[in-house]
Amino acid sequence: MVYENGTRAVKKATLRIDEGEFVFLVGSSGSGKSTLIKLLTGEVRPTEGRIVVNNYNIGTLKKREVPYLRRTLGVVFQDFRLIEKKTVYENVAFGMRAVGASERAIRKRVPYVLELVGLTEKKDVRPLELSGGEQQRVAIARALVNNPRLIIADEPTGNLDPARSLELMTLFEKINELGTTILIVTHEKELVDKFAKRVIVIDRGEIISDQTGGYYKYEEPDTESYQF
Amino acid sequence: MKNRTRNHTSFSYYWKEGLKNIFLHGFMSFAAISIILACLLITGSVALISYNIDLKIVDLQKQSEIVVFLDDNLTLDEARGVEGKLLAISNVATAEFRSADEALTDFRDSLGKNADILEGFDSANNPLANEYHITLKDVTRTAETVEAIDKLPEVARHRVNEDTISMLVKVQRVFQIVSGALVIALGLISIFIISNTVKLAMFTRRDEIAIQKMVGATNWFIRWPFVIEGTVLGLFAGALAFFAQWGVYSKLAGVVGGVLPSFDFVPFASIRLLVLGVFLIAGVVVGVGGSVLTIRRFMDV
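Chains as they are written, first to last, in the numbering used here: chain A, 48 to 275; chain B, 19 to 319.
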């Protein structure tokens with residue numbers, strides 16, 4: 048993937064993630080993680096190669112088809128991206144309304160998802176009244192509400208303390224057990240170590256390691272910015 | 019398999035969202051209404067003043083009539099018969115006949131107490147001729163019309179103040195160019211200010227739009243509430259501007275009427291539907307156009 052300014056962000060990245068997998072994507076700043084996420088969500092198009100997500104070929108995807116690709120995905124960001132003026136319930140329902148779900152379906156689905164993430168009691172609270180961990184759980188609920196086949200979480204624990212991070216990862220594991228594929232982008236070594244999952248390491252746009260069971264190839268960084 | 023969720027979104031949802039957004043982003047709504055109102059009022063006032071001045075110029079032009087004097091040898095019936103020939107000339111709007119006797123009576127009346135200088139003159143030795151007072155459809159074609167009139171054998175001579183007419187035509191042209199440029203410039207400035215206000219309003223909601231895009235909302239799902247919001251704000255601003263314009267126009271008409279009694283403004287009642295229609299349409303076009311065009315920037319995620 049080459050950006051318009053000539054930056055080659057992702058190259059030699061061949062990987063396959065099967066339905067129901069739980070995968071960590073790790074790498075330092077500037078390694079190409081964010082570009083890979085943007086490629087998977089259809090935000091940018093590959094300049095060469097082939098990317099297929101939930102049967103959508105990103106390279107040939109028409110602009111008007113991007114929303115339908117995104118309905119098969121749930122995306123969670125480090126900064127939560129919640130609407131401050133809406134309550135927890137409304138934030139989650141917003142995800143369903145945006146895809147044209149009926150009010151009846153929303154009334155049925157949202158309480159279920161809130162219960163799954165443990166926020167039933169906080170449904171009428173606004174995001175700023177919640178802790179960081181709770182806000183991220185709202186974001187997960189919103190990502191989950193349309194029953195996506197794949198959840199992509201970009202540094203979901205970046206703003207959380209270790210205890211909350213662990214709680215959140217346990218929640219992702221629970222969601223994965225219910226059948227949803229999980230792809231978590233992180234640079235937190237401790238978390239990756241804790242959960243013995245498949246780990247893909249990306250460095251300078253190349254996948255340098257792809258191993259299961261929590262193992263991964265770790266090379267000493269040759270620059271100070273390489274923190275993983 | 020491509021999973022396309024069935025869309026249950028009804029227009030009532032878009033309406034609800036659009037109206038809710040107006041109150042949720044109250045300050046920006048207030049700013050948008052105020053800016054649209056101010057722009058419509060300023061542009062409208064200049065346009066209406068221009069309209070009145072233009073009407074006045076047209077009035078003055080219409081009053082600049084051509085007087086055609088007929089041959090003395092014509093009988094009264096023959097003289098009256100010339101009316102048809104005059105009206106057949108394409109640029110002649112009206113042709114009002116005044117017999118030599120009527121002209122003499124009018125002349126006598128106009129002299130008042132000095133009328134005795136006309137003593138001894140009557141129908142038998144009337145020095146005045148039968149005449150037609152002609153107004154034109156288009157005063158810029160005065161010369162060619164006069165030429166056509168002069169070709170009629172019954173016409174002896176004519177009187178026309180060509181300098182006045184040509185001056186009025188020039189004034190009207192200059193005025194139309196100046197007022198047109200002013201209205202266009204004000205319109206462009208208004209669009210610039212309004213589009214920046216809308217951009218500011220959108221900027222505060224860019225995160226919301228980005229979230230909608232990320233969860234799979236289509237562009238039109240995102241746009242519709244903005245279109246409705248723009249329509250409502252535009253209609254509201256247009257209606258408010260109409261009432262403000264009414265007040266400003268009446269006040270202005272009063273002030274101008276006091277200073278220049280002969281310059282009477284067209285009554286607002288006769289143009290109110292036109293002003294209301296233009297303001298409502300302009301409000302909606304600006305409100306919706308501003309929203310839809312600006313939102314495109316934030317959709318590309």
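For each residue, glycine too, the CB sits at the ideal point set by N, CA and C.
Asked, Found
"A235/B touches chain A at which residues, Cβ-Cβ below 7 Å?", "P114, A145, V146"
"At what residue ranges does the segment 167-233 of chain B contain a whole run of the beta strand (DSSP E), taking only runs of 3 or more?", "173-177"
"Are the beta-carbon atoms belonging to R189/A and V239/A less than 8 Å from one another?", "no"
"For the alpha helix (DSSP H) that I71/B lies in, which residues bound it at each end?", "44-81"
"Between the Cα of N206/A and the Cα atoms of V192/A, Q183/A, K59/A, K109/A, which residue gives the shortest distance?", "Q183/A"
"Out of T119/A, P114/A, G121/A, L87/A, state which residue places its alpha-carbon closest to the alpha-carbon of I105/A.", "L87/A"
"In chain order, what residues of the segment 116-132 of chain A put their CB closer than 7 Å to some CB of chain B?", "R117, R118, T119, V122, R128, I130, K132"
"Are the CB atoms of V216/B and S309/B within a distance shorter than 8 Å?", "yes"
"Give me the Cα-Cα distance between L278/B and L200/B, rounded to the nearest whole angstrom.", "23 Å"
"When DSSP labels each residue in this structure, what does F139/B get in the three-state scheme?", "coil"
"Could you have a look at V157/A and say whether DSSP puts it in helix, strand or coil?", "helix"
"Since Q258/A sits in a beta bridge, which residues does DSSP pair it with?", "V246/A"
"Would you report the Cα separation of R22/B and V146/A, rounded to the nearest angstrom?", "Confidence is the limiting factor: at R22/B the pLDDT is only 46, short of 50, which leaves the residue's position unreliable and the question unanswerable from this model."
"Can you say whether Y150/B is buried or exposed, counting buried as having 16 or more other CB atoms within 10 angstroms of its CB?", "buried"
"State the DSSP-derived secondary structure class of A140/A, mapped to helix, strand or coil.", "helix"
"So which residues on chain A does L42/B lean against when the C-beta distance must stay under 7 Å?", "K132"
"Given a limit of 9 Å on CB to CB distance, which residues of the segment 242-258 of chain A reach chain B?", "none"
"Contact defined as beta carbons within less than 8 Å: I believe I246/B pairs with M317/B. What is the distance between those atoms, to the nearest angstrom?", "Contact flag wrong, Cβ pair sits at about 17 Å."
"For I222/A, does the three-state DSSP call read helix, strand or coil?", "helix"
"Can you list, in chain order, the residues of the segment 202-222 of chain B whose Cβ is nearer than 7 Å to any Cβ on chain A?", "none"
"Quick check on DSSP: helix, strand or coil for I246/B?", "helix"
"In three-state terms, what does DSSP make of D90/B?", "coil"
"For the candidate residues T94/A, R111/A, R118/A, whose alpha-carbon lies nearest to that of V100/A?", "R118/A"
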